[in-house]
Each structure stands twice: as C-alpha cells, then as structure tokens.
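In what follows, a single structure is set out as structure tokens and then discussed.
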Amino acid sequence: MKQSVITLHDNALLKGDTMHYALIATAILALTCSVPAFAADAAQAPDAHSRAAALVQQGKDLLDDSKYEEGKKAFQEAATLDPASVEAYDSLGKVLMLQLKYEEAAKEFTRAISLSPEDYTALFNRAVALSHLEKWDEALHDLTEVLRLYPKNSAAYNLRGIAYFEKGTLDEAISDFSKAIELNPGYAKAYNNRGLAYLRQGKTAEAERDFARSGEPRSGPTGTRGTKCAF
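Under my numbering, think of the first position of the sequence shown as 15, with each following residue one higher.
Structure below.
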C-alpha cells in the first residue's frame with residue numbers, strides 16, 4: 015500500500031527526476047525486503063509448536079511399544095521446544111509413573127497444571143502419583159478439584175474414596191465408592207474397595223456382598239485377599 019502512495023503522489027517521480035526515483039526505489043526495496051524477515055520471525059513459534067506436537071505423538075507411539083526411555087526423551091524434547099505445551103509435561107509425567115518414579119511424575123504434572131490450572135486430566139494424574147506416595151491430604155485436594163471440574167468422573171470418586179479410607183474416614187470413603195458405582199455400575203474395583211471399608215467397620219455381610227459383586231469373593235469373613243484398596 016505504501017508503495018502505491020509513493021508512486022502516485024511524488025511529482026518528482028512523474029517528472030523523471032532520477033535522483034528522487036532512486037531514493038524512492040531504494041525505500042520501496044527496503045520495505046519489500048523486510049517483510050519476509052518479519053514473516054520468518056512470526057512463523058518460528060508456530061513451527062516450534064507443531065514440531066513439539068509431533069514429538070508428543072512420537073512419544074505416545076513409543077509408549078505403545080513399551081519403549082519408555084525413548085518416549086520420555088521425545089516428551090522432554092517437546093517440552094524444550096514448546097515450554098507452553100501442557101500435553102508434553104502431562105505425557106512426561108505419565109511415562110515417569112510407568113517407570114514408578116512418582117515424585118518426578120508429580121513435578122511434571124505440577125508444571126502442566128501451572129500452565130492450565132483447570133486441566134482435570136493433569137490434576138487427576140498428579141493425584142494418582144501423590145496416592146502412590148501416600149500423600150493423602152494432597153491427593154484429596156487434587157481429587158476434590160477434579161470432581162468440581164468433572165463431577166461425573168467415577169475414577170476420581172474411587173481414588174478419593176481410597177484417600178479417605180487410608181486416612182480412616184470410612185463413612186466418606188464408602189460414600190465416594192458408592193458414587194463411583196452409581197456412575198459406573200460395573201466398576202469392580204469400587205465394589206472391592208467399598209467392601210474393604212465395610213469390613214473395617216465390622217459390617218461383614220455388606221462387605222461380602224460387595225466382594226461378590228467385584229468378581230473376587232473372599233473365602234470367609236477374614237478372607238485370604240489383601241486389604242489394600244485398588245486404584
């Protein structure tokens with residue numbers, strides 16, 4: 015647009031003034047040449063973002079082949095390329111959990127959450143890592159937030175029930191296991207966990223009924239199975 019204005023309105027150019035023509039031509043050339051440089055700078059960030067996204071997908075494919083170290087490296091590179099990639103940090107946290115590195119995993123999920131505070135997936139994943147570390151109060155905090163954002167998440171109710179169970183607040187645990195079952199009637203782990211809570215309360219009949227529904231009935235009131243809740 016600037017080029018058209020100069021060409022039409024400069025009388026010196028129309029009169030054939032060669033010096034003015036040279037100056038104007040130089041200015042136009044400078045303007046035109048600077049555009050690709052700006053365009054290259056603007057394109058740099060989207061290009062890094064797309065390369066990071068490709069690395070995240072590559073990492074997921076590697077995880078499908080149980081290549082955890084290679085997948086982890088892909089996620090780390092993606093996070094370096096695009097420090098704003100929530101998915102890169104969340105995926106890195108997941109592979110660290112597969113490697114049973116729960117402290118490190120929780121840190122990566124925290125990075126994802128700092129970028130997207132209402133990402134309930136990263137919140138839930140951090141709660142899983144914290145539960146493995148038996149940091150029940152912190153896990154409860156995250157799971158309550160998950161359920162505020164996604165009230166129909168049966169897995170979050172089950173995991174929060176486990177946190178209550180481990181803290182000894184059995185009524186709250188049973189309430190959450192029951193909600194998980196309401197949302198997902200075939201949720202065998204939630205039946206098992208509620209059975210354990212009933213058993214700890216001395217409610218043997220209710221416990222045995224839930225164990226039967228879980229598909230793993232106990233052999234008697236004391237049973238032979240462990241007493242740890244199932245994630």
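All C-beta atoms, glycine included, are put in the ideal place defined by N, C-alpha and C.
Could you work out which residue in the options is closest to residue i when comparing CA atoms only?
i    : options                : result
Y82  : S192, L114, A194       : L114
K242 : S189, K181, Q71, P199  : K181
L157 : A143, F138, E101       : F138
Y185 : G107, Y212, D104       : Reading off the sequence, residue 185 comes out as Asp, not Tyr. Among G107, Y212, D104, the Cα nearest to that of D185 is on Y212.
N172 : Y164, F191, E122       : F191
E152 : S80, L197, R174        : R174
A146 : E117, L163, D78        : Checking the displayed sequence, the identity of residue 146 turns out to be His instead of Ala. It is E117.
A62  : L95, E132, Y205, A204  : L95
S259 : L112, I127, L154       : Since the first and last residues shown for the chain are 15 and 245, residue 259 lies out of range.
P165 : K193, L154, S189       : K193
K203 : S228, L77, F123        : S228
S80  : L210, F123, L112       : L112
E196 : T183, S168, A221       : S168
F179 : R125, L210, F123, L163 : L210
S14  : L154, P97, E148        : What the structure shows of the chain is the stretch from 15 to 245, and residue 14 is not part of that stretch, so it cannot be assessed.
E132 : H155, L163, F123, R125 : L163
To the nearest whole angstrom, what separates the beta carbons of residue i and residue j, a pair I think is in contact under 8 Å?
i    : j    : result
A177 : W150 : 5 Å
T160 : Y134 : Note on identity: in this sequence residue 160 is Val, with Thr being the wrong assignment. Contact holds; Cβ gap of about 5 Å.
A120 : A143 : 4 Å
A141 : D104 : Not confirmed; about 13 Å, so no contact.
Helix or strand or just coil, what does DSSP make of residue i?
i    : result
A56  : Reliability fails at A56, whose pLDDT of 45 lies under 50, so the model's placement of it is uncertain and the value that follows must be treated cautiously. Here A56 sits in helix by DSSP.
T183 : coil
Y201 : coil
D75  : helix
F14  : This structure cannot settle anything about residue 14, because the visible part of the chain is limited to 15 through 245.
G229 : coil
S128 : helix
A98  : coil
A51  : At A51 the pLDDT is 44, less than 50, meaning the model places this residue with poor confidence; the figure from the coordinates comes in the next sentence. It is helical.
K149 : coil
N172 : helix
K108 : helix
K4   : Look at the range of the chain in this structure, 15 to 245, and you will see that residue 4 is not part of it.
G216 : coil
Y103 : helix
N207 : helix
K121 : helix
Y35  : With a pLDDT of 38 at Y35, under the threshold of 50, the modelled position of that residue is not reliable, and the figure given next carries that caveat. Here Y35 sits in helix by DSSP.
K86  : helix
K166 : coil
L43  : Because the pLDDT of L43 is 35, which lies under 50, any placement of that residue in the model is unreliable, and the number read from its coordinates should be weighed accordingly. In this structure, L43 counts as helix in the three-state DSSP scheme.
Between which two residues does the alpha helix (DSSP H) harbouring residue i extend?
i    : result
S145 : 134-146
L114 : Counting along the chain, L114 falls outside any alpha helix (DSSP H), and DSSP gives it neither H nor E.
Are the C-beta of residue i and some C-beta of chain B separated by less than 9 Å?
i    : result
Y178 : Looking at the structure shown, chain B is missing, and only one protein chain is on hand.
Subject >> Cβ contact check for the region 62-72 and the region 87-102: 3 or more pairs under 8 Å >> reply: Yes, since at least three Cβ pairs between the region 62-72 and the region 87-102 fall closer than 8 Å, the two stretches touch.
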